[in-house]
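Read the structure below first, then the notes.
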Amino acid sequence: MAWGGDLYRQCARHREWFANSLIINAREEGKGSQEAWQLSQCIQNQEFTRLVRNHSIDESRHSKMFVTLLNK
């Protein structure tokens, strides 16, 4: 595993650090979801609009996943 993965696992052993990491990731994924959806409203091509909205929904799922992990 790359050093970044090793470092993350080492830091994630600390509950407060891990909780903050989940909160930050949930926020960023939610922000990305919102921005992608807003972008989709400016796209003329229907197929591209659909693809960007699907990406937005996927980002939203990631945000929910981090919150779910936080609540465990």
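Note that our numbering has the sequence shown beginning at 343, numbered continuously upward. Think of the CB as a built atom: it goes at the ideal place given N, C-alpha and C, for glycine as much as any other residue.
Contact check, residue i vs residue j, beta carbons under 7 Å
| i | j | result |
| --- | --- | --- |
| S363 | S398 | no |
| S405 | E371 | yes |
| C353 | W345 | no |
Per-residue DSSP class, three states only, for residue i
| i | result |
| --- | --- |
| A419 | As shown, the chain starts at 343 and ends at 414. That puts residue 419 outside it, with no answer to give. |
| I385 | coil |
| M355 | This sequence places Arg at residue 355; Met is not what is there. Here R355 sits in coil by DSSP. |
Minimum Cβ-Cβ distance from residue i to chain D less than 7 Å
| i | result |
| --- | --- |
| Q380 | Absent here is chain D; the protein component of the structure consists of one chain. |
Terminal residues of the alpha helix (DSSP H) in which residue i lies
| i | result |
| --- | --- |
| K414 | Per DSSP, K414 belongs to no alpha helix (DSSP H) and is neither H nor E. |
Separation of residue j from residue i, as counted between CA atoms
| i | j | result |
| --- | --- | --- |
| R392 | S382 | 8 Å |
| G347 | W379 | 31 Å |
| Q386 | L411 | 37 Å |
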